[in-house]
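J.: Under this note's numbering, residues 101 to 331 are what the sequence shown spells out, in order. Heads up, the beta-carbon is just placed ideally off N, CA and C, and yes, glycines get one too.
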Amino acid sequence: MTDRVVVKVELDRDTYVMLRERARREGYALVSDYIRDVLSREARGEAPTIGGCGDEKRLAEAVARRVERVVADIVNPFTGKIDEVARRLADLVEKLEGGEAELARHEARAVEQRYVQRQQRAGAIDRLRQQKVLFWEDVKWMKAPDRLFAKLEKEGAIVFEAGGEKIAVDRGFWEEFVKAVEEVAVRDPSEASILVESALGERARMLFEKLVSNGLAYYDEDLGHWIVPQP
Numbered sequence: 101m102t103d104r105v106v107v108k109v110e111l112d113r114d115t116y117v118m119l120r121e122r123a124r125r126e127g128y129a130l131v132s133d134y135i136r137d138v139l140s141r142e143a144r145g146e147a148p149t150i151g152g153c154g155d156e157k158r159l160a161e162a163v164a165r166r167v168e169r170v171v172a173d174i175v176n177p178f179t180g181k182i183d184e185v186a187r188r189l190a191d192l193v194e195k196l197e198g199g200e201a202e203l204a205r206h207e208a209r210a211v212e213q214r215y216v217q218r219q220q221r222a223g224a225i226d227r228l229r230q231q232k233v234l235f236w237e238d239v240k241w242m243k244a245p246d247r248l249f250a251k252l253e254k255e256g257a258i259v260f261e262a263g264g265e266k267i268a269v270d271r272g273f274w275e276e277f278v279k280a281v282e283e284v285a286v287r288d289p290s291e292a293s294i295l296v297e298s299a300l301g302e303r304a305r306m307l308f309e310k311l312v313s314n315g316l317a318y319y320d321e322d323l324g325h326w327i328v329p330q331p
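1) Going straight from the alpha carbon of Ile267 to that of Arg229, what length do you get?
2) Could you have a look at Gly152 and say whether DSSP puts it in helix, strand or coil?
3) If you draw a straight line from the alpha carbon of His325 to that of Ser290, how long is it in whole angstroms?
4) Who does Leu234 pair with in a DSSP beta bridge?
5) The alpha helix (DSSP H) that contains Asp114, what's its start and end?
6) So, under 8 Å CB-CB, Arg305 and Ser293 are touching, yes? Tell me the CB distance rounded to an integer number of Å.
7) Who are the near neighbours of Ile225 in its chain, counting only those whose CB is closer than 7 Å to its CB and skipping five residues on each side?
8) For Glu321, which beta-bridge partners are listed by DSSP?
9) Here's the rule I'm using: 16 or more other beta-carbon atoms within 10 Å means buried, otherwise exposed. How should Glu283 be labelled?
10) Thinking Val328 and Leu311 are a contact (beta carbons under 8 Å), I'd like their distance in whole angstroms, please.
11) In the DSSP assignment, find the unbroken beta strand (DSSP E) run with Glu261 in it and report its ends.
12) Under 7 Å between the Cβ atoms of Ser298 and Ala123?
13) What does Trp326 pair with, by DSSP beta-bridge criteria?
14) By DSSP, does Met306 sit in helix, in strand, or in coil?
15) Counting only the same chain and skipping the five closest in sequence on each side, list residues whose C-beta sits under 6 Å from that of Arg120.
16) Have a look at Glu237 and Val296 and give me their C-alpha separation to the nearest angstrom.
17) Does the distance from the C-beta atom of Val269 to that of Val239 stay below 7 Å?
18) Classify Gln330 as buried or exposed, calling it buried when 16 or more other Cβ atoms lie within 10 Å of its own Cβ.
19) Apart from the five residues on each side of it in sequence, which residues of its chain come closer than 7 Å, Cβ to Cβ, to Tyr319?
20) Hey, quick one: how far does the alpha helix (DSSP H) through Leu248 stretch, first residue to last?
21) Which first and last residues belong to the alpha helix (DSSP H) in which Glu297 is found?
22) In chain order, what residues of the same chain have a beta carbon less than 8 Å from the beta carbon of Asp112, not counting five sequence neighbours either side?
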């Protein structure tokens with residue numbers, strides 16, 4: 101069995117955020133996994149690879165997964181800003197070379213078309229089920245965003261305020277979220293948010309950070325895990 105050594109590194113918040121974004125672009129769920137692979141490759145004198153994929157087939161698969169994730173994160177079903185989607189996808193494929201870039205373009209177009217078609221057919225509550233969480237900043241451009249939140253609440257969504265701003269959460273996702281958060285035994289909020297994101301994705305991490313920053317989620321010292329009171 102190979103001996104393993106744990107190395108603890110403390111970073112300022114800005115550096116951590118940059119590493120987290122870079123890790124996400126490279127296809128890593130956890131920053132720690134990304135740092136470990138980078139250091140391992142550096143120690144062995146190996147050239148960096150995209151998303152840890154060493155051959156063309158794995159690279160193509162990584163590109164496809166990354167495009168799916170980027171579109172899912174940035175397509176806002178309430179704005180219809182498809183131009184922004186196209187721009188960010190273009191930024192992604194420009195980082196790739198040769199035939200792999202062409203593959204990414206075709207995949208991006210296909211994924212974008214599927215999302216647009218789905219959003220055009222879906223109602224407000226259906227779009228929320230797809231997006232999981234709707235933050236006030238997502239729709240503050242609307243003339244009457246309060247009406248949208250009222251409609252979502254009437255149709256069964258969990259709607260509450262955090263820091264003076266409304267948040268709507270799909271009821272099924274809320275139950276998953278509360279369960280996942282209460283399984284986190286790490287006290288540090290930054291580390292806890294990483295674990296929440298690993299379990300349920302970026303929108304869950306954003307929701308967790310909103311709740312923590314506004315005192316709506318807290319670490320219970322007696323129970324040894326995080327608590328999310330019902331709104």
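T.: Answer, in terms of the structure:
1) To locate residue 267, count along the sequence shown from 1; it is residue 167. To locate residue 229, count along the sequence shown from 1; it is residue 129. Looking at the backbone, the Cα of Ile267 and that of Arg229 are separated by about 14 Å.
2) Looking up residue 152 in the sequence shown gives position 52. Bear in mind that the predicted position of Gly152 carries a pLDDT of just 44, short of 50, making it unreliable; the figure below should be weighed with that in mind. Three-state result, Gly152: helix.
3) Position 225 of the sequence shown holds residue 325. Position 190 of the sequence shown holds residue 290. Cα-Cα distance, rounded: 14 Å.
4) One-based indexing of the sequence shown puts residue 234 at position 134. DSSP output for Leu234 lists Ala268 as bridge partner(s).
5) The residue given as residue 114 occupies position 14 in the sequence shown. According to the DSSP assignment, Asp114 belongs to the alpha helix (DSSP H) that extends over Arg113 to Arg125.
6) Numbered from its first residue, the sequence shown carries residue 305 at position 205. Numbered from its first residue, the sequence shown carries residue 293 at position 193. The beta-carbon separation of Arg305 and Ser293, rounded to 5 Å, stays under the 8 Å limit for a contact.
7) As a working mapping, residue 225 is identified with position 125 in the sequence shown. Cβ neighbours of Ile225 beyond the five flanking positions: Leu252, Glu255, Gly256 and Ala257.
8) Position 221 of the sequence shown, counted from the start, is the residue given in the question as residue 321. Beta-bridge partners assigned by DSSP to Glu321: none are found.
9) To locate residue 283, count along the sequence shown from 1; it is residue 183. Exposed, by the Cβ-count rule.
10) One-based indexing of the sequence shown puts residue 328 at position 228. One-based indexing of the sequence shown puts residue 311 at position 211. A Cβ-Cβ separation of about 6 Å places Val328 in contact with Leu311 under the 8 Å criterion.
11) One-based indexing of the sequence shown puts residue 261 at position 161. Membership of Glu261 in the beta strand (DSSP E) is indicated by the continuous run Ile258 to Ala262.
12) On the sequence shown, residue 298 is found 198 positions in, with the first residue counted as 1. On the sequence shown, residue 123 is found 23 positions in, with the first residue counted as 1. Cβ distance not < 7 Å, so Ser298 and Ala123 don't count as in contact.
13) On the sequence shown, position 226 is the one that residue 326 refers to. For Trp326, which the question treats as bridged, DSSP gives the partners Tyr319.
14) Residue numbering aside, residue 306 sits at position 206 when the sequence shown is read from its first letter. It is helical.
15) Here residue 120 refers to the residue found at position 20 when the sequence shown is read from its first residue. Contacts found: Val131.
16) The residue given as residue 237 occupies position 137 in the sequence shown. The residue given as residue 296 occupies position 196 in the sequence shown. Cα to Cα, the separation comes out at about 21 Å.
17) Position 169 of the sequence shown, counted from the start, is the residue given in the question as residue 269. Position 139 of the sequence shown, counted from the start, is the residue given in the question as residue 239. Their beta carbons are not under 7 Å apart, which means Val269 does not touch Val239 by this criterion.
18) Numbered from its first residue, the sequence shown carries residue 330 at position 230. Gln330 is exposed by the Cβ-count criterion.
19) Counting from one through the sequence shown, the residue named residue 319 turns up at place 219. Excluding residues within five positions, the ones whose Cβ falls inside 7 Å are Arg287 and Trp326.
20) For the purposes of this step, residue 248 is taken as the residue at position 148 of the sequence shown. Where Leu248 is concerned, the enclosing alpha helix (DSSP H) stretches over Pro245 to Lys254.
21) Counting from one through the sequence shown, the residue named residue 297 turns up at place 197. Note, Glu297: alpha helix (DSSP H), Pro289 to Leu300.
22) Taking the sequence shown and counting its residues from 1, one reaches residue 112 at position 12. Around Asp112: no qualifying Cβ.
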